[in-house]
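> With our numbering as the guide, the letters of the sequence shown map in order to residues 392 to 731. All C-beta atoms, glycine included, are put in the ideal place defined by N, C-alpha and C. Got a structure for you, questions after.
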Amino acid sequence: ITGIPITRVVNACSSGSNAFRLAFMDIASGMSDCSMAMGIEKMKNVSMGMVGGGTRFQIEAKAFSHGSPMPGGGGGGMPAGFALMGRMHMKEYGSKEEDFANIVVKSRRNGSKNRKAEFQTKMTLDEVLDDVMINDPLTRSQCCPRTDGAAAVVLMSEDYVREHHIDTPIWIIGSAMGSNMGGAMDRLYHQQTGNWYGPGIVTDYLTAQKVYKMAKVEPKDFLDRGFVECHDCFSVSELVHYEDFGFCKKGEGQDMINDGRVEIDGDIPINPSGGLLSVGHPLGATGVRQVVEIFWQMTKDKEVAKRQVPDKHLDLGLQHTLGQPGLGFTNVMHVFSRDR
């Protein structure tokens, strides 16, 4: 590989998605016609602080949170932050512990059909609720496992695809990235709308708006003909993503999981792979792994035969990661299309 440009990307949980986005931008700009994005992480013998690089800074930066419901505030770490978000959602919208736990039941059911998932066993609602408590209301199985893993994808220009007779490409039609630090975007949202965003992740909402605009799609398009691989680092995060991405109104995320709308055969399949909660979360590899899942689904690869998304939902794919490198958050999203 002598002479080929190589860039190392370190952006916490969004590292893989960020690398994929840079490879996409490299091709879209005309600088390259073929590029590879790889995500690799070995976490067995290291702490989250060593991998993410943010633990000490998160604790020192708690004064910057300004009351924002963003995870990590107050030095309690990610589980405490998302548990707080879950409690806020319960208080404001009437969601229950069972609603969050049902997400794990769905994820484990999907993960049981994924030979590459760390957890391939199903769980009942009672088993999830009775698991070891980590941060109320989050039990252990509602927190994604740290995992060793790697994934890679090859990106090509349209000319390269044609010249090399690639017969099963999928197309990137949208790419967006957002960030937040110390609740700055929460305050900006309040200034612009006169309302506080409330339980959820405002940068996910704003980044989703950007990627939808580039892809010329709306949330309802995914409800009609798409599926999603999103960053379910905790059960709470997946539920608020339903709302942040516009698939339902705020406060209605629990209805989507309880009514079966996010199942593989539902209105909008979400995390058919089993998500981070079942597959595991090797930080730098997760975003690329999600793209691989979307490719497999859209091309009906035998790898996903047991968890194949119905054909009517394969027109569009949405990929999303949420990372916390140091003091702030970074959100990366992509939209894929089966047709040019």
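#1: P673 to M605, Cα distance in whole Å?
#2: Which residue from S405, R478, M422 puts its Cα closest to that of L630?
#3: What did DSSP end up calling G477 once you bin it into helix, strand or coil?
#4: Could you say if the region 518-525 and the region 400-420 meet the contact criterion of at least three C-beta pairs nearer than 8 angstroms?
#5: Give me the DSSP bridge partner(s) of G502.
#6: Just tell me which of C621, G394, D539 has its CA closest to the CA of A599.
#7: Does T398 pass the burial test, meaning 16 or more other C-beta atoms within 10 Å, or should it be called exposed?
#8: Please report whether the beta-carbon of I397 lies at a distance below 7 angstroms from any beta-carbon of chain D.
#9: Among the candidates C425, T584, E684, whose CA atom is the shortest distance from the CA of K697?
#10: Using the rule of at least 16 other Cβ atoms within 10 Å of the residue's Cβ for burial, across every protein chain shown, is Q635 buried or exposed?
#11: Just the Cα atoms here: how many angstroms apart are P462 and L713?
#12: What residue range does the alpha helix (DSSP H) around C712 cover?
#13: Can you name the residues that DSSP bridges to W562?
#14: Using a Cβ-Cβ cutoff of less than 7 angstroms, which residues in the same chain neighbour T594 once the five nearest sequence positions on both sides are dropped?
#15: Where do the N-terminal and C-terminal ends of the beta strand (DSSP E) with A403 fall, by residue?
#16: By the DSSP assignment, the alpha helix (DSSP H) with V669 in it spans what residues?
#17: Taking DSSP as the reference, what is the three-state secondary structure of E432?
#18: Out of G472, P536, L475, G468, state which residue places its alpha-carbon closest to the alpha-carbon of R499.
#19: Which of the three DSSP states, helix, strand or coil, is assigned to N571?
#20: By the DSSP assignment, the alpha helix (DSSP H) with I648 in it spans what residues?
#21: Thinking just about the alpha-carbon of each residue, which of V495, M547, L614 is nearest to the one in F510?
#22: On a Cα-Cα basis, can you pick out the residue from D658, P590, M647, G678 that is closest to D612?
#23: Secondary structure at I659, three-state DSSP: helix, strand or coil?
#24: Please report the residue range of the beta strand (DSSP E) in which E620 lies.
#25: So which of K607, S626, M514, D539 has the shortest CA-CA distance to K567?
#26: Whether or not the region 638-650 and the region 480-496 are in contact is what I'm after, with contact meaning three or more pairs of Cβ atoms, one per stretch, closer than 8 angstroms; do they touch?
#27: Does DSSP put N586 in a helix, in a strand, or in coil?
#28: Within 10 Å of its beta-carbon, does W687 have 16 or more other beta-carbons around it, so buried, or fewer, so exposed?
#29: Around the Cβ of E338, are there at least 16 other Cβ atoms within 10 angstroms (buried) or fewer (exposed)?
#30: Let me know if P470 comes out buried or exposed under the rule of 16 or more other beta-carbons within 10 Å of its beta-carbon.
#31: Hey, would you say R616 sits closer than 7 angstroms to L707, going by beta carbons?
#32: Taking a contact to mean a Cβ-Cβ separation below 7 angstroms, would you say L529 touches A492 in this structure?
#33: Using the Cα positions of M647 and Y633, report the straight-line distance between them to the nearest angstrom.
By the coordinates alone:
#1: 29 angstroms
#2: R478
#3: helix
#4: no
#5: Paired residues: none, contrary to the question.
#6: C621
#7: exposed
#8: In summary, chain D is missing from the structure at hand, where a single protein chain is found.
#9: E684
#10: The residue you asked about is not Gln; residue 635 is Asp in the sequence shown. With 16 or more other Cβ atoms within 10 Å, it is buried.
#11: Residue confidence for P462 is low, a pLDDT of 47 falling below 50, so the modelled location carries little weight; the figure read from the coordinates is stated next. For P462 and L713, the distance between alpha carbons rounds to 11 angstroms.
#12: Note on identity: in this sequence residue 712 is Thr, with Cys being the wrong assignment. Looking at the DSSP string, T712 is not in any alpha helix (DSSP H); the run it does join, the beta strand (DSSP E), is 707-714.
#13: S728
#14: G569, S570, N571, M576, F720, N722
#15: Run containing A403: none; DSSP gives neither H nor E here.
#16: Per the sequence presented here, residue 669 reads as Ser, with Val not at that position. Segment 666-670, the alpha helix (DSSP H) holding S669.
#17: strand
#18: P536
#19: strand
#20: 644-649
#21: V495
#22: D658
#23: coil
#24: 617-620
#25: What sits at residue 567 in the sequence shown is Ala, not Lys. Residue K607 is the option with its Cα nearest to A567.
#26: yes
#27: coil
#28: buried
#29: Because the chain spans 392 through 731 in this model, residue 338 falls outside it and cannot be assessed.
#30: buried
#31: yes
#32: no
#33: 8 angstroms
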